[in-house]
Amino acid sequence: MSRESEMGNRESSNGGSTDGWVPGAKPATATSGIAQNPVFEHLLRLADDRLVLGHRLSEWCGHAPILEEDIALANIALDLIGQASMLLKLAGEVEGKGRSEDALAYFRDAIEFRNAQLVELPNGDFAVTIVRQFLFDAWDVLVLERLAAVSNEALAGIAAKALKEARYHLRHTAEWVRMLGDGTAESHARAQRALDDLWPYTAELFLADAVDAEAVAAGSGVDVESFRSRWRQTVEQVLGEATLAIPKDGFAPRGGRTGRHTEYLGRMLADMQSLARAHPGAAW
Amino acid sequence: MTVADSRREEILAWLDEVKDPEVPVLSIRELGVLRDVDVSGDEVVVMMTPTYSGCPAMHAMEAEVVSTLAQHGVPNARVKTVYSPAWTTDWISDEAKAKLAAYGIAPPGRVESDDLVPLRRRAPVECPYCHSVNTLVRSEFGSTACKAILFCNSCRQPFELFKAI
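Protein chains in written order, with this note's numbering: chain F, 43 to 326; chain U, 18 to 182.
Next up, the structure:
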């Protein structure tokens, strides 16, 4: 990742810096959801899901129940963060204000993040992490399949690459969901509890607004409403083999796509962004 | 062959010296990470594609490409990252796969169809040491993004598999 834009803006920071790193500066993006640049906004939604979930998974590093899963979660985190990096770089180019992928990752505040709330929730136990990852992966594969066919070649290229990785993730997490659900009484109970707790947050994955519609019309977006039944098919098949009961739809929190987040995101970002903000402009 | 063509061939041959730091038995050319070289402009542009989106070895390989070319008297080389077409293990030649096996890494099989079947069974993997197919996946993920960890029940040897993607 390049660090030029934070460095470049650091010296003349009092005025029009858009990096958002200046202490006390107002967030650069409005929170109303009416985006001036829908493609930029849509790319942030795609990127932030991956950045936030990738960081959550990285929190398992050194703590997973077995070594193999420690490696697996770190590997999946690496893929997601790599994808986020490519998407944020593209978003920065689309925005045209000179923000690098690092500026976007480390110098936006929680209110400027556009991820779905599902991915910012704490990791919980291993069952929560795996069930969430499975629900996300099943969705992500469908997102990337469609993005790989959009007319925006840069976006389609990133998606085609990420799709291979997402399929591998899904195969892995689907097997774990089956093992946990159809395992011991303890693992089954934990997996079911995780599913019950997380299920309401999956509704937001399928919500689209005018921003998304404009991005789709511009050949740079995905219509998430179009494949809800496909997702449900995959999820039902795996949960069925896992002997887990699908919760009823009801309570469905939302708001992440326009910057309204749970309290957990701010705490996570404080950790994730602390190094970059303590040393603005530091290069790897 | 034009002058530009022979220059391109020469540079590609030099870049065969650059190995993947994680799999030092393969060059970046054999791995398919090195896509092409453009010698038409004032500077030499080396097109590379990452194996995985977050591959941490990419930066090391890019730096080595530039320094290798500098050693051969090409001071103005730069790396351009391309994502399309997406990297696939199907680009690794049979000769390169044989090198992997000799090094103790089971080479990737053909990439399976794109059909989404989350709980499918996989084709058996041959142990690179004793060639038994009585092997078991120990971990879907390994020491690097591109490998998985397996165990051979016949010779009781753990080994790595280059994942097919």
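Idealized CB from N, CA, C, for every residue including glycine.
Asked: Rounded straight-line distance, which links the Cα of A115 of chain U to that of E129 of chain U; Found: 20 Å
Asked: Three-way DSSP call (helix, strand, coil) for R272 of chain F in this model; Found: helix
Asked: Boundaries of the beta strand (DSSP E) in which R95 of chain U is found, first to last residue; Found: A94 to T98
Asked: C-alpha gap between A287 of chain F and R188 of chain F, whole angstroms; Found: 29 Å
Asked: A123 of chain U versus G225 of chain F - alpha carbon distance; Found: 31 Å
Asked: Start-end ranges of the beta strand (DSSP E) lying completely within the region 38 to 81 of chain U, minimum 3 residues; Found: 40 to 44, 51 to 55 and 61 to 65
Asked: Residues that H214 of chain F contacts on chain U, provided the C-beta gap is smaller than 8 Å; Found: E157 and F158
Asked: Own chain partners of I166 of chain U with C-beta closer than 7 Å, once the 5 adjacent residues on each side are dropped; Found: R155, S156, G159, P175 and E177
Asked: Helix, strand or coil at D33 of chain U according to DSSP, with G and I counted as helix; Found: coil
Asked: Entirely enclosed beta strand (DSSP E) segments - the region 114 to 153 of chain F, minimum 3 residues; Found: none
Asked: Contacts of S101 of chain U in chain F (Cβ-Cβ under 9 Å); Found: E195, A196, A198, G199, I200, A202 and K203
Asked: Contact belief for I28 of chain U with V62 of chain U at Cβ below 8 Å, rounded distance in angstroms; Found: 10 Å between Cβ atoms; not a contact.
Asked: Distance between P102 of chain U and A198 of chain F (C-alpha atoms, nearest Å); Found: 10 Å
Asked: Spatial distance of A70 of chain F from E154 of chain F (CA atoms); Found: Its pLDDT being 46, under 50, A70 of chain F is placed unreliably by the model, and the measurement read from it follows with that caveat. If you take the alpha carbons of A70 of chain F and E154 of chain F, they lie about 8 Å apart.
Asked: Bridge partners - C169 of chain U, DSSP secondary structure assignment; Found: U:T152 and U:Q174
Asked: A103 of chain U - DSSP class collapsed to helix/strand/coil; Found: coil
Asked: Candidates U:V40, U:G126 and U:I45, of which the one nearest T85 of chain U by Cα; Found: U:I45
Asked: C-beta contact flag for A180 of chain F and T276 of chain F at 8 Å; Found: yes
Asked: C-alpha distance - Q88 of chain U paired with E47 of chain U, whole-angstrom precision; Found: 21 Å
Asked: Local conformation of I172 of chain F per DSSP, three classes; Found: helix
Asked: Local conformation of K164 of chain U per DSSP, three classes; Found: strand
Asked: Per-residue contacts from I123 of chain F into chain U (C-beta, under 9 Å); Found: S70 and G71
Asked: With 16 other Cβ atoms within 10 Å as the buried cut-off, status of S127 of chain F; Found: buried
Asked: Nearest neighbour of C103 of chain F, chosen from F:G223, F:H214 and F:A114 [CA to CA]; Found: F:A114
Asked: Rounded C-alpha distance that separates N157 of chain F from G263 of chain F; Found: 15 Å
Asked: Within 9 Å of chain U by C-beta, residues of the region 119 to 144 of chain F in sequence order; Found: A119, L120, D121, L122, I123, G124, Q125, A126, S127 and M128
Asked: Cβ of N117 of chain F within 8 Å of any chain U Cβ; Found: yes
Asked: Element boundaries [alpha helix (DSSP H), containing K203 of chain F]; Found: E195 to G223
Asked: Minimum Cβ-Cβ distance from I113 of chain F to chain U less than 8 Å; Found: yes
Asked: Distance, A113 of chain U Cα to D53 of chain U Cα; Found: 18 Å
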